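Residue numbers (my numbering), protein chains in the order written: chain A, 337 to 564; chain B, 337 to 564.
Please read the structure below before turning to the comments.
2 protein chains.
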Amino acid sequence: MKNKEIQGQRMRGYFLAATKDLLKAEGLRSVNVRSIADKAGYSPATMYSYFKDANELVFLCVHDFYEECKQHVRNRIKGSEKGVDGLKTAVKAYATFFIQYPGVFELFFIEKMGDLGNKKGIADLINTSLDQACEEEWIYCISRKLLHAEEVEGLKAQIRYTVFGLLLLYLNRRVPASYTEFANQLNLQLDAILQPRVTGSARSTSSVKVQHSAVHNSLISVKIGNNR
Amino acid sequence: MKNKEIQGQRMRGYFLAATKDLLKAEGLRSVNVRSIADKAGYSPATMYSYFKDANELVFLCVHDFYEECKQHVRNRIKGSEKGVDGLKTAVKAYATFFIQYPGVFELFFIEKMGDLGNKKGIADLINTSLDQACEEEWIYCISRKLLHAEEVEGLKAQIRYTVFGLLLLYLNRRVPASYTEFANQLNLQLDAILQPRVTGSARSTSSVKVQHSAVHNSLISVKIGNNR
DNA sequence: TTCATATAATGAACATTGTTTACTATTTTT
DNA sequence: AAAAATAGTAAACAATGTTCATTATATGAA
């Protein structure tokens, strides 16, 4: 019985490796049962002995790419400064991973998940992948009181949606048109989000709109998005 | 020569209408040459006399959906209050259009554009669709000095990436898991973005901060996630 | 070792979809 | 009305997903 498991695991590994290679090199477009089987060195029919279909196989790659992405971020922030700038570096490293492997972006965010109930865990992994990849930096910023602990979850969400939206537009619609401009946009967005906010606790009941305008005008004189 | 044009335009219209119906009702998945041709009442081969392929046809739908989306937003903000809250309403209406027609979201943001050089205009239309749909509200806010003209482009970009990212996660990965929670997230994000900010280098007086706080609290007191 | 059995792997078949082409029917032109 | 042009189609081919009967190999009992 043990031999069967070892051999089965090996077989699964061959198909998994083939799928990962194809995803990274060619993108989701050229991942199909025949190309996977070819690369693995088996007939297409053999794949169905080890996986329900190519979709299951493809989503099994998510865990590995997730680890690879985290490692990519860790390597990038090694030796970089800590603090809010380090956090920005981590987020940018996360983004560049998907720029480097657009096929992995497709897998994480574009490819339809056949059975969503069955793949809830994978969806959550994907959703939290950015937060996880930058976890060290978040913890550092919180522990050094560079960010207020109570606003961190909100900041994570803002950065998450912004990064995903930016990647979606750039990778799928080539807007902005160049990587340089993309990197610029990302920088601007991160600066805007991570700028100190006012989170006072005072209550007010008087003429909101007038105050709003007044405050607003007093604030816009300071240039926004001036980093990098 | 004139008859040819009229007839050709009609034919194109039949295929276009069939494609739009399928996209709205069934999503991109069930849009294919045969289903389009069936619905239009012709053979699949006929489609190739009027369009390069189904992809060209599909992307021709973008203009119509863009108009429909703008109309949807206009209808929704009719009779709603103006100002920053009206702007939020417009953005939320934009989002609900894609919640209602996930197939249109796929078309706008997911479907691969074969020839990107040829489709640059469409990509730009898609990219600016949110800004355009909310144009009235932006203009109102600027003219009433509720937002400062100089920061508006930055705010537009932030809202754009956030809304696209949020829609991507919700429609493709069911995160968050319910529409209610999605609407909540959108509200939180819009509030965060449209709140007045200070910059990292702001040497603001304490009086500014107090005013700012006051405004902040007055804004968040508005119930969040109350639509639908 | 040999033979019977289980199972791993496959070739071939079928379904679905994209696309082209030769053919037919209709319309237009002369 | 005959000839030419055109519209529309059926049928064929290719690429891909999927299943299944068959083959080849490994396993285990005698």
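In this text, a Cβ means the ideal position worked out from N, Cα and C, and glycines have one as well.
Being a predicted model, the structure only gives us computed values, none of them experimental.
Status (buried if at least 16 other CB within 10 Å, exposed otherwise) for residue i
i        : result
Ser514/B : exposed
Thr541/A : The pLDDT assigned to Thr541/A is 31, lower than 50, so where the model puts this residue is not dependable; a value taken from the coordinates is nonetheless given after this. That one is exposed.
Asn463/B : buried
Gly344/B : exposed
Ala485/B : exposed
Asp451/A : exposed
Lys356/A : buried
Gly453/B : exposed
Ser379/A : exposed
Gly377/B : exposed
Ala381/B : exposed
Ser465/B : buried
Gly415/A : exposed
Arg365/B : exposed
Thr432/B : buried
Arg496/B : buried
Thr622/B : With chain B represented from 337 up to 564, any question about residue 622/B goes unanswered, as that position is not in the structure.
Lys448/A : exposed
Gly457/B : exposed
Ala361/A : exposed
Gln525/A : buried
Lys455/B : buried
Glu417/A : exposed
CB contact below 7 Å: residue i versus chain A
i        : result
His501/B : In the sequence as presented, His is not what sits at residue 501/B; that position holds Gly. Taking Cβ atoms only, chain A reaches closer than 7 Å to Gly501/B, which makes this a yes.
CB contact check: residue i to chain B, cutoff 7 Å
i        : result
Arg509/A : yes
Thr425/A : no
Ser543/A : Low confidence applies to Ser543/A: its pLDDT is 31, below 50, so where it sits in the model is not reliable enough to give any reading.
Start-to-end residues for the alpha helix (DSSP H) that takes in residue i
i        : result
Met383/B : 380-386
Glu392/A : 390-413
Asp374/A : 369-376
Pro438/A : 438-441
Gln468/B : 456-469
Val488/A : 485-509
Phe518/A : 515-530
Contact the segment 476-494 of chain A vs the segment 421-432 of chain B: 3+ CB pairs below 8 Å: Touching, no, given that fewer than three Cβ pairs across the two stretches are closer than 8 Å.
Cβ contact check for the segment 492-508 of chain A and the segment 518-526 of chain A: 3 or more pairs under 8 Å: Three or more beta-carbon pairs separated by less than 8 Å link the segment 492-508 of chain A to the segment 518-526 of chain A, which places the two stretches in contact.
Validate contact between the segment 437-449 of chain A and the segment 394-404 of chain A using beta carbons, cut 8 Å, 3 pairs: By the Cβ criterion, the segment 437-449 of chain A is in contact with the segment 394-404 of chain A, since at least three pairs of Cβ atoms, one from each stretch, lie closer than 8 Å.
Members of the segment 437-448 of chain B near chain A, C-beta cut-off 7 Å: Within the segment 437-448 of chain B, the qualifying residues are Phe445, Ile446.
Members of the segment 481-505 of chain B near chain A, C-beta cut-off 8 Å: Listed by position, the residues of the segment 481-505 of chain B near chain A (Cβ gap below 8 Å) are Lys481, Leu482, Leu483, His484, Glu486, Glu487, Gly490, Ala493, Gln494, Arg496, Tyr497, Thr498, Val499, Phe500, Gly501, Leu502, Leu504, Leu505.
Contact residues within the segment 522-534 of chain B, judged by C-beta distance below 9 Å to chain A: Those residues of the segment 522-534 of chain B that come within reach of chain A (Cβ to Cβ, closer than 9 Å) are Leu524, Gln525, Ala528, Ile529, Gln531, Pro532, Arg533, Val534.
Contacting positions in the segment 449-474 of chain B - beta carbon closer than 8 Å to chain A: For the segment 449-474 of chain B, which is checked against every Cβ of chain A, the residues closer than 8 Å are Met449, Leu452, Lys456, Ala459, Asp460, Ile462, Asn463.
Segment contact, 8 Å Cβ cut-off, at least three pairs: the segment 344-359 of chain A with the segment 383-391 of chain A: Judged by Cβ distances under 8 Å, the segment 344-359 of chain A makes contact with the segment 383-391 of chain A, as three or more pairs qualify.
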